[in-house]
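Residue numbers (this note's numbering), protein chains in the order written: chain A, 11 to 641; chain B, 862 to 1384; chain C, 2 to 100; chain D, 444 to 723.
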Amino acid sequence: MEKLIALLIAAPLLGAAVLLVGGRRLDRVGHWIGTLLSTASFVIGLLLFADLLGKNAEHRTLIQHLWTWIPVEGFQADVTFRLDQLSMTFVLLITGVGSLIHLYSVGYMEHDERRRRFFGYLNLFLAAMLLLVLADNYLLLYVGWEGVGLASYLLIGFWQHKPSAATAAKKAFLVNRVGDMGLSIAIMLMFTTFGSFAFGPVFGHVDGASQGKLTAIGLMLLLAACGKSAQVPLQSWLGDAMEGPTPVSALIHAATMVTAGVYLIVRSAAVFNAAPDAQLVVTVVGTVTLLFGAIVGCAKDDIKKALAGSTMSQIGYMVLAAGLGPIGYVFAIMHLVTHGFFKAGLFLGAGSVMHGMNDEVDMRKFGGLRKYMPVTFITFGLGYLAIIGFPGLSGFFSKDKIIEAAFAKGGTEGWILGGAALVGAAITAFYMTRVMLMTFFGEKRWQPDAEGHEPHPHESPAVMTIPMIVLAVGSVLGGAFFSIGDRFLKWLEPVTGHSEGHSPVSAGEVTIATMVCLVIGVGIAWAQYGRKPVPALAPRGSLLTRAARRDLLQDDFNHVVLVRGGEHLTRSLVYLDHSLVDGVVNGTAAGFGGLSGRLRRLQNGFARSYAVSMFGGAALLVAATLLMRAV
Amino acid sequence: MSFPLLTATAALPALGAVATAAVPAARRTAAKWLALLISLGTLALAITVLVRFDPGGARYQLTESHTWIRDFGVRYELGVDGIGVALIALTAVLIPFIILAGWHDADPLETGNRRWRPTQGFFALILAVEAMVLISFEATDVFLFYIFFEAMLIPMYFLIGGFGDRAHAQGEEAAATQRSYAAVKFLLYNLVGGLIMLAAVIGLYVVAGNFSLQQIAEARASGSLHMATSTERWLFLGFFFAFAVKAPLWPLHTWLPNAMQESTAPVAVLITAVVDKVGTFAMLRFCLGLFPEASRWATPVILVLALISIVYGALLAVGQRDIKRLVAYASISHFGFIILGIFAMTSQGQSGATLYMVNHGISTAALMLVAGFLISRRGSRLIADYGGVQKVAPVLAGTFLIGGLATLSLPGLAPFVSEFLVLVGTFTRYPVIGIIATLGIVLAALYTLVLYQRTMTGPVKPEVSTMPDLRVREVLVVAPLIVLLIFLGVYPKPVTNIVNPAVKHTMSDVQKKDPKPEVEAVK
Amino acid sequence: MNPVNYLYLAGLLFTIGATGVLIRRNAIVVFMCIELMLNACNLAFVTFSRLHGNLDGQVIAFFTMVVAAAEVVVGLAIIVSLFRTRHSASVDDASLMKL
Amino acid sequence: MSAQLAAYTTSTGEAFQFWVLGTVAVIGALCTVFMKKAVHSALSLAGTMIVLAVFYLANGAYFLGVVQIVVYTGAIMMLFLFVVMLVGVTAADSLKETIKGQRWLALLCGVGFGVLLLAGIANASLKDFAGTGQANANGNVEGLAALIFTKYVFAFEITGALLISAAVGAMVLTHRERTERAKTQRELAEQRVREGKHLPPLPAPGVYARHNAVDIAGLLPDGSPSELTVSKTLRERGQIRDVSTEAINDLRALEQRSTERLERTPIEPETFKRPEEASK
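Structure follows, in structure tokens:
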């Protein structure tokens, strides 16, 4: 069976190659080739899943060694795949949601002349993402890691005739590169510590390594995760990434790629378990981000950016859970999967809205859309209920567990983390309700655009609504399916390990607290946006609102410190290179020129002057000879 | 006596250069085809070398040895180790593409000029450079190496000074002035380096009594040739200076941007992808091989200079307005990596550095040649003159992007493997330097993507709206390079297999062992 | 008297000739001074021949004379043609080598 | 005198001859350098050469002594004199130095070099003179011939080639190829008419003057000299004696006297001025 693993990656990779190299000939069928190969990968994933289910829990790891990639003295990197329960979960999520979004894109990108290219990039993304989760060593994982970065770059900048899209793509890649730097340093640290960076040797020898090294590795892995998963302080790219087509936002910037950081941390559980200091930092980062993202999400009027803030916040939950150690790993992944469903669904719904509204994204120009697009409204609504943790829906199960686990951390930390997670839940309820109300309820607020085209909101075609429906079903049922009988826990436990924490509060108390928060959040939002009409122009707002609209000033900080500083640095270096480094050399040359200008005067053209110097030279030679003899 | 394969490999392009130059003025196209065929023949010979070379065999293979100047112990000694083979292959692979890419670069300005001869000269000079570079990679006699190391400057001088971009913002006269400035600067820098090296070569002869690399290395290893510490250090510095100019290492780098900026794109590739490799190659073969103690002594300073090159080159690349200058500074940054890998004195670092030479050659060729195609279409080197090219010429933009991604060492493409090996090799011995060098990864992304964004994306500028996409000849140049980049990125084993034994020898030359990992993991 | 005195004389004559070359501007006189130097050398050769008791020195002196003869022929021809074109025999007038 | 003694001393006669003739040689050399006229330099040099010939003979180089006189003094020096004549016998060089510092540098170098050279010879402690008696046993000329035609035969042949090349070279240098037919007298006359100058033959020297020497320019009616009357060669050498001042003074005195005698008022002085003075 393990022979099939390579096919998982090969199928979308082949699609990408065919679609990108094939040229215009494939324009008419390209999107179906892409969708087909993505689905093929999903089917292979299902086959492998069935195979794994048929085995004992201990034997559910398949290894496929393909070839030795980099063989150098003392350094060996292989192209080896590992399919275990953790990777299997991701494979199904990636290929499943991926195939749905391929299907959705067939409709969404219908009028784009570069649709074939779009599907090529999507397939490339799938291949890279699968490589990321299937790699058996960190270097191969790194390949996938950067590969998804590249695909993300290409897709964010897909409409690259818009300068804003091109800039956003570049920003995403650069910020990710900073994270990648962390990953590469982590790999180097592993190499110096363990002499290897394959999962087996590293995890097997954690006990022998010094605490300092392990903490360093953990922090570097966290840096990588921050980059990819848009965690503070490397979160600034995610909002801008919404410049990409909406299916991209759904697939890459909600369901899969941005969760790669969580995968990395959970995958490296052995390292983090042995480095509590690093774990603590992980929880702090997760907590800060979940509040940060939630606050940003409250202030945005752009529906996609509001959802992006929400994504950031939800991943903050996952990172928080992953940082809690064995008590949280499983729930991090569970929330990741359910989030994959409902957030993808929400984005697809947003895309559907934009599709019907001439690509308008400002929620202040929506309103009352539930009448015009019922399917979108229902699926979006189900996603909304799932994310705020409405009892019985998937978000309820997964998020609740994380909050519980946070309290179970114990001590003051537990109270702080758990409290923050509860506050986050309240804010989540607020901003999601706000999105819901502004988009689908109230008066219709759209106006004709500059050219006088009145938007005619309409339901999207079936090719788009079917994926939305499937995802909505997933977000409704997923949580219950996973949690009842601890199915998900038992499935993942052999890989990540699990332990029950000693929570100072009981599970029931947490659930009640969460419900209270939820009601508060929804209530405030309804008071603000449901009872009174939404102004078409954003009010000035409080200081916090204004800061949140600007992503809590992170971009301004980056601009002033990094961009401006960098510009000054490079500009002065260019100047210095010319005037100082080159100047020294040119100055030497000019000096020699001046000197020879002086010396040239000796060359006066009179043969007798030359004769004097010859004769003087002869005299010196005689003198030298005599001196040599005398000595 | 067996067939002198190495001599033949270098002699074929040399003879080809003469033959190409002798083609009558009116038969311009014939000269081009002749040069292309000769370069392909050389490639065939180089492949034969590659096949005949046995990675598990002796250190130097396919050796040839003849007395040349008896009185000074100068011998015509050739031999290749794995590093040499890899670089010979790189050179032989790149030259046909360079010729093909420069197919029209030396055509007469007005058609029908039957007396125009520079076309023949252009291709003859390229072949001459190839011959000299090849023999530099093959020579195991220090004097023989020196001669060709220096002689290379002559054809390069004419290539830089005689053939520039056709279109120039300030007119042909200003272009000629700047070209000759660049050519003279190139010549002077390298000449000064070469002369200092000549002094060291003579000094080496005085100390050792012959010029044979193998004999001297053996004598030093067996202790029969004792060299005073200070003597060894001075000689090392003499050699290293010349190679550092050629490589080029900060702060001896300023000739490179000028030379690459003013010359045509194929010549710029010739400079940075082929000729400069002789410098880094010679550091491995001569500096480490002849002066191990001095190499260890100088390591800290050289590592810091290499580090400065990496960061400095990348930062300056960010600040450039000229496409070719940008690539030049990026190359300086990459050469910093190569030198870092060589002097980290670990197996990974040195294997990585050798691999880096090969990969950098291919990736720079891909990026620079596509940039050349772009420049020849619009007639401007300024980044600001472009915008939205992706829309009108998607294939050009796509290949440009892949070249750029290779430059920023994207995993999956060849340069990543080498860059990572260099970083790991450095990190195991010098963690701080390794971490700072990693910063180069981020900066590389910055300058590449800024370049791509400003030229290829955004609204289509009116001047580029009629730009044609890549032609068949141009696709023929770029596509194989991209295939190579991907192949070597996914499966670099063929190269590492050849390189590894040679690196082992070099490591034993300098008497260095790789640092042991903290925890000995079971393999 | 020690025959080495001939060498002193030769050295003296050579020096006088050399100084003459430097001082005089008339090409013909300069030329004569060169002849004087050659003769001084010849005297030294002949003396060396006596010193060593063989004739090699004399042979060399003989060759010197032949070479001097050839030199005079060419040199005077140059002077004559120089005079024809520049109407002067001053060596300072032929200073076109200056940049 | 025993053979032992001969090794490092010479006979009193030779010593006497050396001191006397040596002085003459040095004086001759100095005169060569410092005489203003090339002819005098040449003659002084010839004297020095003859002295040297005597010294060769005294040193046992009989053949060279004779060759020195015959070839050097006889042929080469005569060639010198010939060229001196060609270029101008009387042209005296100005010994004034034109290049700044040249003379002092030359003297400094000369003295330095001389002192060093002599010191070097003195340092060499050459005492053991073998003498040429043994070598000249079979006759000096035969001994030389034996060497020249055996040991030095290649050098000899090459010097032969050198001499021939020199001779050819001298011819090439001085020979002027006539590329066109010589003009007839008629053509020359026509050319003169065309160019409009000097239709009649050039005036002879001294025609209007009171001298008839070839190097004195004839005077024009106003008393100024006409250089046309002197041959071109002398003109180029600058060997023209100008007697015009004298003649003009004479003329002026004559005028004066006649004015006094006839009691005439002087004519406007300007008309008597020479053209170039008037133009000033």
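All C-beta atoms, glycine included, are put in the ideal place defined by N, C-alpha and C.
Any chain A beta carbon closer than 8 angstroms to residue i
i: D:Asn-566; result: yes
i: B:Glu-1379; result: yes
i: B:Gly-1295; result: yes
i: C:Ala-45; result: no
i: B:Lys-1252; result: yes
i: B:Tyr-1352; result: yes
i: D:Leu-559; result: yes
Residue-level contact to chain B via CB, residue i, 8 angstroms cutoff
i: A:His-171; result: yes
Spatial neighbours of residue i in its chain, beta-carbon cut-off 7 angstroms, leaving aside the 5 residues before and after
i: B:Val-1360; result: Gly-943, Ile-944, Ala-947, Ser-1212, Thr-1215 and Leu-1216
i: A:Gly-307; result: Ala-316, Gly-319, Ser-320, Ser-323 and Tyr-441
i: B:Phe-1277; result: Ser-1270, Leu-1271 and Gly-1350
C-beta contact flag for residue i and residue j at 8 angstroms
i: A:Val-107; j: A:Ala-354; result: yes
i: A:Tyr-114; j: A:Ala-161; result: no
i: A:Ala-265; j: A:Lys-314; result: no
i: A:Leu-140; j: A:Ile-19; result: yes
i: B:Gly-1273; j: A:Val-153; result: yes
i: A:Arg-618; j: D:Ile-542; result: yes
i: A:Ser-246; j: B:Ile-1302; result: no
i: D:Thr-575; j: C:Met-2; result: no
i: A:Leu-29; j: A:Arg-126; result: yes
Min CB distance residue i to chain D below 8 angstroms
i: A:Leu-636; result: yes
i: A:Ala-599; result: no
i: A:Val-595; result: no
i: C:Val-31; result: no
i: A:Gln-613; result: no
i: C:Ile-24; result: yes
Short CB-CB distance (under 8 angstroms) between residue i and chain C
i: D:Thr-622; result: no
i: A:Phe-616; result: yes
i: D:Phe-461; result: yes
Residue from the options whose Cα sits closest to the Cα of residue i
i: D:Phe-525; options: D:Gly-553, D:Ala-481, D:Ile-493 and D:Val-558; result: D:Ala-481
i: A:Pro-543; options: A:Arg-581, A:Leu-57, A:Leu-140 and A:Arg-374; result: A:Arg-374
i: A:Phe-7; options: C:Asn-3, C:Met-38 and C:Ala-28; result: Because chain A in this structure spans residues 11 to 641, residue 7 of chain A falls outside the shown range and cannot be described.
i: A:Arg-124; options: A:Thr-202, A:Phe-59, A:Tyr-339 and A:Gly-32; result: A:Gly-32
i: B:Pro-1127; options: B:Lys-893, B:Ala-1232 and B:Val-1325; result: B:Ala-1232
i: A:Ala-26; options: A:Ala-416, A:Ile-54, A:Arg-92 and A:Leu-164; result: A:Leu-164
8 angstroms CB neighbourhood of residue i in its chain, flanking five on each side removed
i: A:Gly-391; result: Met-446 and Phe-450
i: D:Glu-720; result: Confidence is the limiting factor: at D:Glu-720 the pLDDT is only 48, short of 50, which leaves the residue's position unreliable and the question unanswerable from this model.
i: B:Val-1371; result: Leu-1149, Pro-1153, Ser-1156, Arg-1157 and Met-1206
i: D:His-678; result: The sequence given here places Arg at residue 678 of chain D; His does not occur at that position. Cβ neighbours of D:Arg-678 beyond the five flanking positions: Glu-670.
Own chain partners of residue i with C-beta closer than 6 angstroms, once the 5 adjacent residues on each side are dropped
i: D:Met-444; result: Note that D:Met-444 has pLDDT 38, beneath the 50 cutoff, so the model's placement of it is unreliable and the number below is only indicative. Result list for D:Met-444: empty, nothing under 6 angstroms.
i: A:Phe-387; result: Arg-380 and Phe-450
_Members of the region 618-630 of chain A near chain D, C-beta cut-off 8 angstroms_ = Correct list: Arg-618, Ser-619, Val-622, Phe-625, Gly-626, Ala-628 and Ala-629.
*For the region 71-96 of chain C, enumerate the residues whose C-beta is nearer than 7 angstroms to any C-beta of chain D, in chain order.*
So the close ones are Ala-71, Val-73, Val-74, Val-75, Leu-77, Ala-78, Ile-79, Ile-80, Val-81, Ser-82, Phe-84, His-88, Ala-90 and Asp-93.
*Mind listing which residues of the region 479-505 of chain D have their C-beta closer than 8 angstroms to chain C's C-betas, in chain order?*
Within the region 479-505 of chain D, the qualifying residues are Ala-481, Ser-484, Ala-485, Leu-488, Thr-491, Met-492, Leu-495, Phe-498, Tyr-499, Asn-502, Gly-503 and Ala-504.
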